[in-house]
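Q: Can you read through this structure? Questions will come right after.
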Amino acid sequence: MRAAISIPMAVFIAFAIMIFAMFGKEIAEFFQNLMGGFKE
């Protein structure tokens with residue numbers, strides 16, 4: 145039962161890591177701008 149959950153989750157995590165590796169700099173800047181917007 146647990147394997148049915150963990151397999152798609154592992155695929156999703158791997159996909160998210162791949163996207164983050166490709167767009168990490170843009171994502172980091174986006175989050176910095178987001179946090180800066182909340183602080184102001």
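Using my numbering, read the sequence shown as starting at 145 and increasing by one per residue.
C-beta atoms are modelled at their ideal positions from N, C-alpha and C, and glycine is treated no differently.
For clarity, every value in this text was computed on a predicted model and none was experimentally measured.
Measure the beta-carbon distance from residue 164 to residue 171 and round it to whole angstroms, keeping in mind my assumption that it falls under 8 Å.
A: About 6 Å separates the two Cβ atoms, so the contact holds.
Q: Considering only residues of the same chain and omitting the five flanking positions on each side of residue 174, which have a CB-CB separation below 7 Å?
A: Cβ within range, chain order: n/a, list empty.
Q: Quick one: Cα of residue 154 to Cα of residue 146, how far?
A: Taking the straight line joining both Cα atoms gives about 12 Å.
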